[in-house]
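**Student:** Submitted below is the structure of interest, expressed as structure tokens.
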Amino acid sequence: MFNKTQNDRLLIGAMLTLLTVNLVLLFWYIFFGYQVQFHSDSAAKVLLAREIYDTGVFFSPDWNYVNDDLWVLFGHLFIVPLLSFMPAGFTAHAVSGALFACLILYGVWLVTGLSNLLIWRRLLVVAVIAAGISEYMAENIFGQVSYGSVVFFCCYLVFFASKYITTQGWQGFKWVSFFVGFLVLTYLSNPSRATVTYGLPMLGALVWLVLSAQVQNRRKYGVLIGLSIIGALVGSVLHSNVMMGLSHVQGASNARWLPFELVLGNISLTLKGLFALLGGLPIADASLFSKNGLYSGIRFVVACLTLLLIPLSIVKAVQSACASKQLLALFSAFLFSFTLFIHLTTTIPDMVDPIGSSRYLVPGLVLCIIVLLMSPLKWARPPILVCSVFVVALVYISSGLITYQIASLTTGVLAKPKQLNITKRHFIELLESNGLKYGYASFWNAGALTVLSDEKIKIRQILIHQGLPVPHRWLSSNRWFRPSAWNGETFLLLHDKEVDLVDWTKMQKLGLGYKKKLILGEYSVFIFEKNIALYLPNWDTRYEKPAMFFADKNAFSQIGLVIGEYENARFVAEKGESGALYHGPYIDVEPGRYRVTFDVQAERNVNGVIRLDVVSAPDQKQFGEKTLNESVEPQVIEFTIDTKQIMEFRVWALGNEKVVFKGVSIVRLPM
């Protein structure tokens, strides 16, 4: 029989072997396998890194941030220095992902060391997380790294706080400084998200410990509470100051409460998402005794065990005598509870896709799994609990082959070196073979194809709005859509459904007849001789060239009639009609000096016939105004703005004479 020391060495050796295997699988996934799943959300960090590298500005005023998220300590940070010797392609993304994976796993290692856990147990926990647990979990933690960064911050915040609590003397100052610094970074990134993800869970855990800890520890907990509030305030102020000079788009952050009936419906959909994250969704129609069916059944049971064991393990950890373990368990419980509550009761998750929306639960679930795997394994306790923890750990630690899509239970080996999504590869080959280098497509094709082609083809994201392509500024740079961004041929890559939305007659009248059309399955590529940004309105938000907005059927009017189409269209208000003959076009305009020209006509009347004004939306701040007794030629208003604004130009018919309005143009003036 082996003695205890020999047993420990064997267990450490076994765990090191499993960890090494899982790390190999993980890095294969990051550098090769993830190309199959790679999408434009993942590509955004690479494109932002390119923007920072090209402009030399970390928070580029041309970049359009989303949901008030300022990416600070994120994957793009590691990509920027790589661009001095490699393209902003998938390899750069993979290098960044590998570095972040190391930081995440090291964070897991640190928090498992906060208690008296044996080395082999700590290695087991890290090996389980490295295995990815499920393809959905792995994609969010190590593939896209979006929620992996949250796990990273959570682990390090808990570690720094715990080290401060358990360290005496001046060493504590070092740890509390790291704690406050990291907290400031999280709030600088996004105060709302940081409050739910870091601030409230940490405050909840600390307040709980203040009310239950021994007297000599309460002072340190109180210091952490105070510093947490200060760090949150400092980070929030910094965020507000930085955002004032940047462009941002609202999305999921504009959340609303759900009615009670939808909350009830969300419960089952959220449970489906949780089982997907844990790899426990049954495979529909799989034979019960096939390899697929048996493995699916095992994963379903393990997912059930995980969800049952998590609250038990948290209660046990909170009842332990280890303050650091208590803090980790309470923080994990509060984080998971807060995100679960928001997931069930608000519009933030899109429950049309409950599995995709379950990504919001990833950080809390991962931390709870860590607490579960750190549970005491004493056979004196009910053996069913110990056996259950072992089963959960065994299944998760051995899940890497399936999680990272290296092997399939039905078809054997799937992995191939440098494998790539077949559809995207065909797109790249088609565009390259036709010598195309710059074009436009929907969000989900544009960024991913740009990065996967190693920037040999640059594709910018657009939407089809009112029959015309318009920039989709979500996680994009305004520089991409300026006429100066590219000289020469451009193309539109459109799905058949998007093709039907384009008003090709309107495109022709704007001088945008395509010279060639390529077809690939359900997609078409329309090739144009010049950059279409030269001709399309509302693309260049600096308006270095005049942009004309016609009074056609798609324009906004409260009175009068529209006569004609396109450049021949006009709004007509007869004598006696008063009100807004035109208001719009609600365009983004960057800081600068501008001239707005109204093509409007009206006969003379001493009591006034037209009032023109230029205002911002939606606050209606006025930047220029004219009241006219007649108009026989275009009317001009010049204005200056210091910050980016949504601009509205308005034509008011005063009712004293007939008014005819044909359109309005805007152009940038030298400062």
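Everything in the sequence shown is counted per the numbering used here, starting at 9 for the first residue and increasing by one. C-beta: ideal position from N, C-alpha, C; glycine also.
#1: Exposed or buried, Q630, counting other C-beta atoms within 10 Å across all chains shown (16 or more means buried)?
#2: Reducing DSSP to helix, strand and coil, say where P479 ends up.
#3: Counting beta carbon pairs with one atom in the stretch 341-351 and one in the stretch 370-389, are three or more of them shorter than 8 Å?
#4: Relative to the alpha-carbon of A610, which residue among L122, W660, G632 and E646 has its alpha-carbon at the smallest distance?
#5: Name the one or two DSSP bridge partners that M210 has.
#6: If we count the other Cβ atoms within 10 Å of its Cβ and call it buried at 16 or more, is L238 buried or exposed?
#7: Quick one: is K524 buried, meaning 16 or more other Cβ sit within 10 Å of its Cβ, or exposed?
#8: Less than 8 Å between the beta carbons of R603 and E646, yes or no?
#9: Mind the definition here: the stretch 490-499 touches the stretch 543-555 only if three or more C-beta pairs lie below 8 Å; say whether that holds.
#10: Contact between the stretch 557-576 and the stretch 612-622: three or more CB pairs below 8 Å?
#11: Quick check for students: name the residue ranges of the beta strand (DSSP E) that lie wholly in the stretch 480-534, counting only runs of 3 or more.
#12: At least one CB of chain B closer than 8 Å to the CB of V510: is that the case?
#13: Here's the rule I'm using: 16 or more other beta-carbon atoms within 10 Å means buried, otherwise exposed. How should P199 be labelled?
#14: Quick check: what's the CA-CA separation for K670 versus G447?
#15: Please report the distance separating the alpha-carbon of L271 from that of L526.
#16: Does the beta-carbon of L282 have 16 or more other beta-carbons within 10 angstroms, so that it is buried, or is it exposed?
#17: Quick check on H591: does DSSP put it in helix, strand or coil?
#18: Touch check for the stretch 45-65 and the stretch 141-158: three-plus C-beta pairs under 8 Å?
#19: Return the residue from the list S396, V672, M252 and L317 that minimises the CA-CA distance to P599.
#20: Within the same chain, show all residues whose beta-carbon is closer than 7 Å to that of G455, passing over the 5 residues directly before and after it, in chain order.
#21: Tell me W547's beta-bridge partners as DSSP assigns them.
#22: Beta-carbon separation of S104 and F86 under 8 Å?
#23: Leaving aside the five residues before and after G584 along the sequence, list all residues of the same chain whose C-beta is less than 8 Å from its C-beta, in chain order.
#24: Quick check: the stretch 528-536 against the stretch 501-508, are at least 3 beta-carbon pairs closer than 8 Å?
#25: How many Å lie between Y206 and L439 at the Cα?
#26: Whose CA, out of W128, L542, S123 and V116, lies closest to the CA of I137?
#27: So F451 is in the beta strand (DSSP E); what residue range does that whole segment cover?
#28: Assuming F108 and G156 make a contact with CB atoms under 8 Å, what is their CB distance in whole Å?
#29: Do R264 and T355 have their CB atoms nearer than 8 Å?
#30: Do you know whose CA, among E537, V250, E269 and F579, lies nearest P69's CA?
#31: Use the C-beta contact count for C312: other C-beta atoms within 10 angstroms, 16 or more gives buried, fewer gives exposed.
#32: How big is the Cα-Cα spacing for K634 and D560?
#33: In the DSSP output, what is E656 paired with across the bridge?
#34: Going by the CB atoms, is the gap between Y37 and Y590 shorter than 8 Å?
#35: Look at the alpha carbon of F349 and the alpha carbon of V204, and state the distance between them as a whole number of angstroms.
#36: Report yes or no: do three or more beta-carbon pairs, one from the stretch 181-196 and one from the stretch 228-247, lie closer than 8 Å?
**Tutor:** Checking against the coordinates, here is how it stands:
#1: As a working note, residue 630 is residue 622 in the sequence shown. That one is exposed.
#2: Translated into positions along the sequence shown, residue 479 becomes position 471. If DSSP states are grouped into helix, strand and coil, P479 belongs with the strands.
#3: With three or more CB-CB distances shorter than 8 Å, the stretch 370-389 counts as touching the stretch 341-351.
#4: Locating residue 610 in the sequence shown gives position 602, counting from the first residue. Minimum Cα distance to A610 is reached at W660.
#5: Here residue 210 corresponds to residue number 202 of the sequence shown, with the count starting at 1. Answer by DSSP bridge pairing: none, since M210 is not bridged.
#6: One-based indexing of the sequence shown puts residue 238 at position 230. Residue identity differs from the one stated: residue 238 is Ile in this sequence, not Leu. Of the other Cβ atoms in all chains shown, fewer than 16 fall within 10 Å of the Cβ of I238; this residue is therefore exposed.
#7: Looking up residue 524 in the sequence shown gives position 516. Answer is exposed; the Cβ neighbour count stays below 16.
#8: Working through the sequence shown from its first residue, we reach residue 603 at position 595. Working through the sequence shown from its first residue, we reach residue 646 at position 638. Cβ atoms of R603 and E646: closer than 8 Å.
#9: Flag = yes, the stretch 490-499 and the stretch 543-555 touch.
#10: Too few Cβ pairs lie closer than 8 Å, so no.
#11: DSSP runs (the beta strand (DSSP E)) wholly in the stretch 480-534: 498-503 and 524-528.
#12: Considering every chain present, this structure includes no chain B. It has just one protein chain.
#13: The residue you call residue 199 lines up with position 191 of the sequence shown. Buried, since its Cβ has 16 or more Cβ neighbours within 10 Å.
#14: Mapped onto the sequence shown, residue 670 falls at position 662. Mapped onto the sequence shown, residue 447 falls at position 439. Cα-Cα distance, rounded: 32 Å.
#15: By one-based count along the sequence shown, residue 271 stands at place 263. By one-based count along the sequence shown, residue 526 stands at place 518. Inspection of the sequence shows that residue 271 is occupied by Val rather than by Leu. V271 and L526: Cα-Cα distance of roughly 47 Å.
#16: Here residue 282 refers to the residue found at position 274 of the sequence shown. Buried, by the Cβ-count rule.
#17: Against the sequence shown, residue 591 aligns to sequence position 583. In the three-state reduction of the DSSP assignment, H591 falls in the strand class, which pools E and B.
#18: Short answer: they touch.
#19: Locating residue 599 in the sequence shown gives position 591, where the first residue counts as 1. The candidate whose alpha carbon is nearest that of P599 is M252.
#20: As a first step, residue 455 is located in the sequence shown; it is residue number 447 there, counting from the start. Shown here for G455: same chain residues with a beta carbon closer than 7 Å to its own, the five before and five after excluded, namely S48, A51, A52, L55 and Q469 in chain order.
#21: Residue numbering aside, residue 547 sits at position 539 when the sequence shown is read from its first letter. Paired residue(s): none; W547 is not in a bridge.
#22: Taking the first residue of the sequence shown as position 1, residue 104 is located at position 96. Taking the first residue of the sequence shown as position 1, residue 86 is located at position 78. Their beta carbons are under 8 Å apart, which means S104 touches F86 by this criterion.
#23: Here the question's residue 584 lines up with position 576 in the sequence shown. Excluding positions up to five away in sequence, the list reads G663.
#24: Between the stretch 501-508 and the stretch 528-536, the count of Cβ pairs shorter than 8 Å is three or higher; the stretches touch.
#25: Within the sequence shown, numbered from 1, the residue matching residue 206 stands at position 198. Within the sequence shown, numbered from 1, the residue matching residue 439 stands at position 431. A straight line joining the alpha-carbon of Y206 with that of L439 spans about 45 Å.
#26: By 1-based counting over the sequence shown, the position of residue 137 is 129. The shortest Cα separation from I137 among W128, L542, S123 and V116 belongs to V116.
#27: Here residue 451 corresponds to residue number 443 of the sequence shown, with the count starting at 1. It is not in any beta strand (DSSP E) - F451 instead sits in the alpha helix (DSSP H) that spans F451 to L460.
#28: Against the sequence shown, residue 108 aligns to sequence position 100. Against the sequence shown, residue 156 aligns to sequence position 148. So it is a contact: roughly 6 Å between Cβ atoms.
#29: One-based indexing of the sequence shown puts residue 264 at position 256. One-based indexing of the sequence shown puts residue 355 at position 347. Against a cut-off of 8 Å, the Cβ pair of T355 and R264 comes out as a contact.
#30: Numbered from 1 along the sequence shown, position 61 holds the residue referred to as residue 69. Minimum Cα distance to P69 is reached at V250.
#31: Indexing the sequence shown from 1 puts residue 312 at position 304. Label assigned to C312: exposed.
#32: Reading the sequence shown from its first residue, position 626 is the one you call residue 634. Reading the sequence shown from its first residue, position 552 is the one you call residue 560. Taking the Cα positions, K634 is about 23 Å away from D560.
#33: Along the sequence shown, read from residue 1 onward, the residue named residue 656 stands at position 648. DSSP, once it has assigned bridges, lists P593 and V623 as partnering E656.
#34: Translated into positions along the sequence shown, residue 590 becomes position 582. Translated into positions along the sequence shown, residue 37 becomes position 29. Not in contact: Y590 and Y37 (Cβ atoms no closer than 8 Å).
#35: The count along the sequence shown starts at 1 and reaches residue 349 at position 341. The count along the sequence shown starts at 1 and reaches residue 204 at position 196. Between F349 and V204, the C-alpha separation is close to 11 Å.
#36: Short answer: they touch.
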